[in-house]
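Colleague: Mind looking over this structure? Questions follow.
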Amino acid sequence: MKFARLVLKSARRSKRRTALTILSVAIAVFLFASLRAVLDGFSAVAEASSSTRVVTIRSTSMIFNMPTSHADVIRGIPGVQDVTWANWFGGIYKDPKNFFGQFGIDAESYLRMYPEILVSPGEKRAFLEDRTGALVGDGLVRKYGWHVGDRIVIQPGIPYYGTQDYTFTIRGVYRSGASNVDNQTFLFHWKYLDERAGGAGQVGWYVTQLRNPDDAARIAMVIDQKFANSPYETKTDTEKQFSAQFASMLGNLNLLLGSVALAVVITTLFVAGNTMAMSVRERTTEIAVMRTLGYPASTIFLLVVGEGLMVAIVGGAIGAGLARLVINGEYLGMAGGFIPAFGVNNWNVVVGLGLSVLIGILAAMIPATMASRLKIVDALRRVA
Amino acid sequence: MALIDLRDVSKSYRRDALEIPVLNGVTITVPAGDFMGLMGPSGSGKSTLLNLLAGIDRPTRGSIRVADTEISSLSERALAGWRARHIGFIFQLYNLIPVLTAFENVELPLLLTSLSKKQRRDHVMTALGIVGLGDREKHYPRQLSGGQEQRVAIARAIVTDPTLLLADEPTGDLDARSAGEVLTLLQRLNREYNKTIVMVTHDPHAAERAVHVLHLEKGTLVEQVESRA
Ligand SMILES: Nc1ncnc2c1ncn2[C@@H]1O[C@H](COP(=O)(O)OP(=O)(O)OP(=O)(O)O)[C@@H](O)[C@H]1O
Ligand SMILES: [Mg+2]
Chain Z
1 MKFARLVLKS ARRSKRRTAL TILSVAIAVF LFASLRAVLD GFSAVAEASS STRVVTIRST
61 SMIFNMPTSH ADVIRGIPGV QDVTWANWFG GIYKDPKNFF GQFGIDAESY LRMYPEILVS
121 PGEKRAFLED RTGALVGDGL VRKYGWHVGD RIVIQPGIPY YGTQDYTFTI RGVYRSGASN
181 VDNQTFLFHW KYLDERAGGA GQVGWYVTQL RNPDDAARIA MVIDQKFANS PYETKTDTEK
241 QFSAQFASML GNLNLLLGSV ALAVVITTLF VAGNTMAMSV RERTTEIAVM RTLGYPASTI
301 FLLVVGEGLM VAIVGGAIGA GLARLVINGE YLGMAGGFIP AFGVNNWNVV VGLGLSVLIG
361 ILAAMIPATM ASRLKIVDAL RRVA
Chain S
1001 MALIDLRDVS KSYRRDALEI PVLNGVTITV PAGDFMGLMG PSGSGKSTLL NLLAGIDRPT
1061 RGSIRVADTE ISSLSERALA GWRARHIGFI FQLYNLIPVL TAFENVELPL LLTSLSKKQR
1121 RDHVMTALGI VGLGDREKHY PRQLSGGQEQ RVAIARAIVT DPTLLLADEP TGDLDARSAG
1181 EVLTLLQRLN REYNKTIVMV THDPHAAERA VHVLHLEKGT LVEQVESRA
């Protein structure tokens, strides 16, 4: 459109001032998009967690184990469809910095109960058939450049598992089919772990699949009652319950991050609005000249808004683009096995850009009104 | 037929409670094709009168008809459209937009029309050609002399082919040579292109170039017309 050049040239008039405005919008949008991404990541986990699975740990703590015999007891409870178990290994791959989740799982039942773990039938079979095989997330494969068939040596991190290195062979790579499954986990056979630990039959946690999600709270109670007053008392929660607690936490977090974002945006509004008001004031004569040439007040108004929009959108694009490139949980290695990797996605970028549009328009409102209301003769006299 | 018909026009400014009369019952008629000089001491109301003609200010009383339109009763928006079509304004301090090139400055009034890019280019180059600056289209105002800036401003004023050219001390800030060039240009526009011009000036030499001269003193016309035609 024919006024674009005029708007562009006006914005470039004071390069430093325009650059500062762009920067402040960029920072606001960067923060906003990043915060959104973190929140989205958390709520995706909460939403995707199943309500037909309950998790049983030792009532004291997750790091204390339970005997395998619990599995039979749980399986015997009416309404229970399936049971699986796993252990936390906590080993070190080359360097303690390389932190990712390593679970010893009862492979067959675990994969049966977690259809979200997506793996090809061939690789699944290869993994099930190899006692020292491993099934690893595609995020890990990307991060460390692994391939199927590679031998991975992991040094145990907990004394219970001995001091000798464990060597695994990657037999398969899985993808995550839902946000509650992290794509940076290293899965291997619980049997192998148990053998190396002397066949003591110790389990970190049980996962129980229910026939009916409505039973969850009741069956969780039944499970814990079964083991009450035994040396291995348990505590059972649904994934959803866990998420519900999580979600209420999330609500507070939402509010907190929301207010931070709002404060940043308002500050940016003031900075951008003030800068634009300054530049409009400096252009008083020019605006009066344009009005004399026949520019209607409404066109002047739109030109100022257009300028604000353009500056804000450039800032927004920089901020959102940068966030998209830099804020990536997988790449930053922030997931660590428990929280699925989060990252700024295209939607966050779109919302960030929308925010910059809003900032541009709002910041331009007062300066644009000033510019369009100005009295021509007064403005012309002021300098002459 | 008169192109401009001012009848009993008064203008006063209000400063606090005080009403300051600037123009008192001014009546003027200017025929189409005239080159009218407007002289008078500082503060006599020359610029005020010109601004009323340009439709950028409104009279307190009286009627202003330009090309058969009673402009004092137009709405703000209609008045802006009217200015775009009928008025070319030349300022003492040129008032070019510093971030725009000579070409873009002259193009500015055309952005309000429905002309195509190519048509706009033709019009702008014609106007720059008339003022003798066809080779300076890419220059910015700071790269031009005062006289050249004023000629670009004149090109901007004539590019829409307005009904009326108004100039408020167009040579007030120029040296004698540049002033002479600008006045010759205005004279040419009047004679060759039959433009009606009203020019405010302090300078008797400048006034000599006009066809008629009016004198304003304390808001009233003192002696009607000395014709040179
Ligand atoms: N917006 C305004 N508010 C108050 N007074 C004004 C305003 N505009 C003009 N005046 C007053 O009106 C009088 C005439 O002003 P005007 O600018 O028309 O004079 P002029 O003849 O053009 O003078 P000069 O030769 O100095 O340009 C002056 O006394 C001026 O102070
Ligand atoms: Mg004046």
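Each protein sequence line maps, in turn, to chains Z and S. Residue 331 in the numbering used here sits at position 331 of the first sequence; the count goes up by one each step and never skips. Residue 1107 in the numbering used here sits at position 107 of the second sequence; the count goes up by one each step and never skips. No residue lacks a Cβ here, since even glycine has one placed at the ideal position from N, Cα and C.
Considering only the beta carbon of each residue, do S59 (chain Z) and T208 (chain Z) sit closer than 9 Å?
Modeller: Here residue 59 (chain Z) corresponds to residue number 59 of the first sequence, with the count starting at 1. Here residue 208 (chain Z) corresponds to residue number 208 of the first sequence, with the count starting at 1. Result no, Cβ atoms of S59 (chain Z) and T208 (chain Z) do not sit closer than 9 Å.
Colleague: Which residues bound the beta strand (DSSP E) around P1204 (chain S)?
Modeller: One-based indexing of the second sequence puts residue 1204 (chain S) at position 204. It is not in any beta strand (DSSP E) - P1204 (chain S) instead sits in the alpha helix (DSSP H) that spans P1204 to E1208.
Colleague: For R406 (chain Z), I'd like the list of residues in its chain whose CB is within less than 8 Å of its CB, leaving aside the five on either flank, ordered along the chain.
Modeller: Residue coverage of chain Z in this structure runs from 1 to 384, which leaves residue 406 (chain Z) outside it and unanswerable.
Colleague: Out of S:R1121, S:R1191 and S:R1058, point me to the one whose CA is closest to G1134 (chain S)'s CA.
Modeller: The residue you call residue 1134 (chain S) lines up with position 134 of the second sequence. Out of S:R1121, S:R1191 and S:R1058, S:R1121 has the C-alpha closest to the C-alpha of G1134 (chain S).
Colleague: Can you say whether Y110 (chain Z) is buried or exposed, counting buried as having 16 or more other CB atoms within 10 angstroms of its CB?
Modeller: Here residue 110 (chain Z) corresponds to residue number 110 of the first sequence, with the count starting at 1. Classification of Y110 (chain Z): buried, given that the 10 Å Cβ count is 16 or more.
Colleague: Taking C-beta pairs closer than 9 Å, name the residues in chain Z that D1057 (chain S) reaches, listed in chain order.
Modeller: By 1-based counting over the second sequence, the position of residue 1057 (chain S) is 57. K375, I376 and V377, listed in chain order.
Colleague: Mind listing, in chain order, the continuous alpha helix (DSSP H) runs of no fewer than 4 residues lying wholly within the stretch 1119-1184 of chain S?
Modeller: You should have 1146-1158.
Colleague: Write down every uninterrupted run of the beta strand (DSSP E) in the stretch 61-134 of chain Z whose length is 3 residues or greater and which is fully enclosed by it, in chain order.
Modeller: Listed in chain order, they are 80-88 and 101-105.
Colleague: For N1051 (chain S), which residues in the same chain have their Cβ closer than 7 Å to its Cβ, ignoring the five residues on either side in sequence?
Modeller: Residue numbering aside, residue 1051 (chain S) sits at position 51 when the second sequence is read from its first letter. Within the same chain, N1051 (chain S) has close Cβ partners D1057.
Colleague: Please go through the same chain and pick out, in chain order, the residues whose beta-carbon is closer than 6 Å to the beta-carbon of A1155 (chain S), but skip the five residues on each side of it.
Modeller: Here residue 1155 (chain S) refers to the residue found at position 155 of the second sequence. Answer for A1155 (chain S): V1106, A1127, L1128 and V1131, listed in chain order.
Colleague: Rounded to the nearest angstrom, what separates I92 (chain Z) and S34 (chain Z) at their Cα positions?
Modeller: Here the question's residue 92 (chain Z) lines up with position 92 in the first sequence. Here the question's residue 34 (chain Z) lines up with position 34 in the first sequence. Near 30 Å, if we compare the C-alpha coordinates of S34 (chain Z) and I92 (chain Z).
Colleague: Indicate whether P1162 (chain S) and I1087 (chain S) have their beta-carbon atoms separated by less than 9 Å.
Modeller: As a working mapping, residue 1162 (chain S) is identified with position 162 in the second sequence. As a working mapping, residue 1087 (chain S) is identified with position 87 in the second sequence. Contact flag set, yes.
Colleague: Which whole-angstrom value describes the C-beta separation of Y295 (chain Z) and L1112 (chain S), a residue pair presumed to lie in contact below a C-beta threshold of 8 Å?
Modeller: Here residue 295 (chain Z) is taken as the residue at index 295 of the first sequence, counted from 1. Here residue 1112 (chain S) is taken as the residue at index 112 of the second sequence, counted from 1. That belief holds up - the Cβ atoms of Y295 (chain Z) and L1112 (chain S) are roughly 7 Å apart, short of 8 Å.
Colleague: Where in the stretch 212-294 of chain Z do unbroken runs of the beta strand (DSSP E), each at least 3 residues long, occur, reported from the N-terminal end onward?
Modeller: Whole beta strand (DSSP E) segments, 3+ residues: 234-238.
Colleague: Show which residues of chain B have a CB atom less than 9 Å away from the CB atom of A1084 (chain S).
Modeller: The structure shown contains no chain B; the protein chains it does contain are Z and S.
Colleague: Would you please verify whether the beta carbon of K94 (chain Z) is less than 9 Å from any beta carbon of chain S?
Modeller: Start at 1 with the first residue of the first sequence, and residue 94 (chain Z) comes out as number 94. So no, K94 (chain Z) is outside the interface.
Colleague: Classify D378 (chain Z) as helix, strand or coil using the three-state DSSP reduction.
Modeller: Taking the first residue of the first sequence as position 1, residue 378 (chain Z) is located at position 378. Note: D378 (chain Z) maps to helix in three-state DSSP.
Colleague: Could you check how far apart the C-beta atoms of R1014 (chain S) and G1062 (chain S) are, in whole angstroms? I think they sit under 8 Å.
Modeller: Walking along the second sequence from the start, residue 1014 (chain S) turns up at place 14. Walking along the second sequence from the start, residue 1062 (chain S) turns up at place 62. Rounded, the Cβ-Cβ distance is 17 Å, inconsistent with contact.
Colleague: Could you name the residues of chain Z that A1054 (chain S) contacts, counting a contact when the two beta carbons are closer than 7 Å?
Modeller: Numbered from its first residue, the second sequence carries residue 1054 (chain S) at position 54. Simply T292.
Colleague: Helix, strand or coil for F3 (chain Z)? Go by DSSP, reduced to three states.
Modeller: Working through the first sequence from its first residue, we reach residue 3 (chain Z) at position 3. DSSP places F3 (chain Z) in coil when its eight states are reduced to three.
Colleague: Would you check if the distance between the CB atom of R196 (chain Z) and the CB atom of Y161 (chain Z) is smaller than 9 Å?
Modeller: As a working note, residue 196 (chain Z) is residue 196 in the first sequence. As a working note, residue 161 (chain Z) is residue 161 in the first sequence. Going by C-beta atoms, R196 (chain Z) is nearer than 9 Å to Y161 (chain Z).
Colleague: For the alpha helix (DSSP H) that contains A320 (chain Z), what are its first and last residues?
Modeller: In the first sequence, counting from the first residue as 1, residue 320 (chain Z) sits at position 320. That run of the alpha helix (DSSP H) goes A297 to V326.
Colleague: Does any CB atom of chain S fall closer than 9 Å to the CB of G336 (chain Z)?
Modeller: Numbered from its first residue, the first sequence carries residue 336 (chain Z) at position 336. Its pLDDT being 44, under 50, G336 (chain Z) is placed unreliably by the model, and the measurement read from it follows with that caveat. Not an interface residue.
Colleague: Among the candidates Z:V73, Z:L39 and Z:T369, whose CA atom is the shortest distance from the CA of S402 (chain Z)?
Modeller: Residue 402 (chain Z) is absent from the model: chain Z starts at 1 and stops at 384.
Colleague: Mind checking whether the beta-carbon of S1073 (chain S) lies closer than 8 Å to any heavy atom of ligand 1?
Modeller: As a first step, residue 1073 (chain S) is located in the second sequence; it is residue number 73 there, counting from the start. Result no, Cβ not under 8 Å from ligand 1.
Colleague: Interface residues of chain S around T21 (chain Z) at Cβ under 7 Å?
Modeller: Position 21 of the first sequence, counted from the first residue, corresponds to residue 21 (chain Z). Here the premise fails: no neighbours, minimum Cβ distance about 17 Å.
Colleague: For the pair the stretch 296-306 of chain Z and the stretch 24-40 of chain Z, tell me if three or more CB-CB distances fall below 8 Å.
Modeller: Cβ pair count under 8 Å is below three, so no.
Colleague: Step through the CB atoms of chain S and report whether any lies within less than 9 Å of the CB of S279 (chain Z).
Modeller: By 1-based counting over the first sequence, the position of residue 279 (chain Z) is 279. Chain S, which has no Cβ nearer than 9 Å to the Cβ of S279 (chain Z), makes this no.
Colleague: Beta strand (DSSP E) containing R1015 (chain S): first to last residue?
Modeller: Sequence index remark: in the second sequence, residue 1015 (chain S) carries index 15 (1-based). A1002 to R1015 is the span of the beta strand (DSSP E), which, as asked, contains R1015 (chain S).
Colleague: Step through the CB atoms of chain S and report whether any lies within less than 9 Å of the CB of V29 (chain Z).
Modeller: Counted from its first residue, the first sequence places residue 29 (chain Z) at position 29. With 9 Å as the cut-off, V29 (chain Z) does not count as an interface residue toward chain S.
Colleague: Please report the straight-line C-alpha distance between R283 (chain Z) and A368 (chain Z), rounded to a whole angstrom.
Modeller: Taking the first sequence and counting its residues from 1, the one referred to as residue 283 (chain Z) is at position 283. Taking the first sequence and counting its residues from 1, the one referred to as residue 368 (chain Z) is at position 368. Distance between the alpha carbons of R283 (chain Z) and A368 (chain Z): 12 Å.
Colleague: Give the residues whose C-beta lies closer than 7 Å to at least one heavy atom of ligand 2, in chain order.
Modeller: Result (chain order): S:K1046, S:S1047, S:D1168, S:E1169 and S:V1200.
Colleague: Straight-line CA distance for S1114 (chain S) to N183 (chain Z)?
Modeller: Residue 1114 (chain S) sits at position 114 when you count from the first residue of the second sequence. Residue 183 (chain Z) sits at position 183 when you count from the first residue of the first sequence. Going from the Cα of S1114 (chain S) to the Cα of N183 (chain Z) covers about 59 Å.
Colleague: To be precise: take each residue of the stretch 2-15 of chain Z, compare its Cβ to all Cβ atoms of chain S, and keep it if any distance is under 8 Å. Which residues remain?
Modeller: Here the close residues are K2, F3, R5, L6, K9, S10, R12 and R13.
Colleague: So, using beta-carbon positions, are G101 (chain Z) and F186 (chain Z) closer together than 9 Å?
Modeller: Here residue 101 (chain Z) corresponds to residue number 101 of the first sequence, with the count starting at 1. Here residue 186 (chain Z) corresponds to residue number 186 of the first sequence, with the count starting at 1. Yes, the Cβ-Cβ distance between G101 (chain Z) and F186 (chain Z) is below 9 Å.
Colleague: How big is the Cα-Cα spacing for L193 (chain Z) and F30 (chain Z)?
Modeller: For the purposes of this step, residue 193 (chain Z) is taken as residue 193 along the first sequence, with counting starting at 1. For the purposes of this step, residue 30 (chain Z) is taken as residue 30 along the first sequence, with counting starting at 1. Between L193 (chain Z) and F30 (chain Z), the C-alpha separation is close to 45 Å.
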